[in-house]
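Shown next, in structure tokens, is the structure this report addresses.
Numbering (this note's numbering), first residue to last: 330 to 601.
See below:
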């Protein structure tokens, strides 16, 4: 029952936000951080729940659905119906799934280096990739200096090949099993959405986030924040925002790749 109450409450909040947008004539990116995040998360919850609702429509099918939800809560239930223990366990599982493509993404970037025309930029990218592969956590400045390679060839959003886009889709928890043009459109729309959230979060301030909001903000940007302290999360998120605030929308591909660069070795760097 608690899950249903939470879902109904969020639904009412989303309706209120939509009504206010229509009344004021504003776009999503003009909303506050919490309003934008509410719409983003609710949309993803509805997309996940929709197939289950459709399957349960035929007579007596709902009994089968209840059985399936009992045995497969991670796949079929949205977060409102997870226990705290399940939430921690499932977030760990989802993060492990995206780490499976980290090596592929770094290798793809190395394979793209011969297409970088400037020698200095190519050397900087090679140094960054090899350091990350050897366990080094990069600095924001290390990423910012290679941004030009991600606004056009070879690693701009419109230059990525299908395999690269499929791997990056898994990092963002998007299904890779769609045509290439849809992969590109969805990747761009989702990372630009995060960039807009970043802009709103800079205005709000990281210190204004609750512990739950802080961990969620880190998690959707690539970091497994489930077992991290509040201070470790704040430190990481501030670094992310420092990079994001210095990038243009045309450099969204770098922000997308930074979900790997800034998260893959962060836990290890805390132990050093």
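Even glycine gets a Cβ: it sits at the ideal position worked out from N, Cα and C.
All values derive from a computational prediction rather than experimental measurement.
Do residue j and residue i count as a contact pair if the criterion is CB distance below 8 Å?
i           : j           : result
residue 570 : residue 540 : no
residue 478 : residue 445 : yes
residue 494 : residue 551 : no
residue 593 : residue 566 : no
residue 584 : residue 576 : yes
residue 420 : residue 548 : yes
residue 501 : residue 516 : yes
residue 524 : residue 578 : yes
residue 582 : residue 489 : yes
residue 349 : residue 374 : no
residue 403 : residue 434 : no
residue 378 : residue 384 : no
What's the C-alpha gap between residue i and residue j?
i           : j           : result
residue 406 : residue 370 : 14 Å
residue 411 : residue 400 : 13 Å
residue 598 : residue 545 : 21 Å
residue 497 : residue 426 : 12 Å
residue 675 : residue 443 : The chain is shown only over 330 to 601; residue 675 falls outside these bounds and no answer can be derived.
residue 362 : residue 336 : 20 Å
residue 430 : residue 460 : 18 Å
residue 506 : residue 553 : 24 Å
residue 482 : residue 473 : 16 Å
residue 322 : residue 514 : Residue 322 falls outside the range modelled here, since the chain spans only 330 to 601, and no answer is possible.
residue 355 : residue 529 : 14 Å
residue 449 : residue 382 : 54 Å
residue 458 : residue 341 : 46 Å
residue 456 : residue 380 : 45 Å
residue 499 : residue 376 : 16 Å
residue 454 : residue 447 : 11 Å
residue 338 : residue 465 : 43 Å
residue 602 : residue 519 : Outside the shown range of the chain (330 to 601) lies residue 602, about which nothing can therefore be said.
residue 386 : residue 395 : 12 Å
residue 537 : residue 432 : 35 Å
residue 557 : residue 388 : 46 Å
residue 487 : residue 413 : 40 Å
residue 572 : residue 452 : 21 Å
residue 468 : residue 508 : 35 Å
residue 439 : residue 600 : 28 Å
Just checking my contact of residue i with residue j at CB under 8 Å: how many whole Å lie between their CB atoms?
i           : j           : result
residue 580 : residue 476 : 5 Å
residue 531 : residue 574 : 6 Å
residue 344 : residue 367 : That belief does not hold up - the Cβ atoms of residue 344 and residue 367 are roughly 11 Å apart, past 8 Å.
residue 397 : residue 441 : Between residue 441 and residue 397 the Cβ distance is about 42 Å, and since that is not below 8 Å, they are no contact.
residue 591 : residue 562 : So it is not a contact: roughly 13 Å between Cβ atoms.
residue 417 : residue 555 : 6 Å
Which two residues bound the contiguous alpha helix (DSSP H) that contains residue i?
i           : result
residue 464 : Note, residue 464: premise wrong, no alpha helix (DSSP H); not H, not E.
residue 498 : 491-500
residue 524 : 509-533
residue 571 : 559-573
residue 380 : 362-384
residue 440 : 431-440
residue 586 : 581-590
residue 426 : 413-428
residue 597 : 595-599
residue 359 : From DSSP, residue 359 is part of no alpha helix (DSSP H); its letter is neither H nor E.
residue 546 : 540-549
residue 483 : Taken as a continuous stretch (DSSP letters only), residue 483 belongs to no alpha helix (DSSP H), as it is neither H nor E.
residue 402 : 402-405
Say the cut is 7 Å; is the CB of residue i nearer than that to a heavy atom of the ligand HEM?
i           : result
residue 531 : In the structure on display, the ligand HEM does not appear, and there are no ligands present to speak of.
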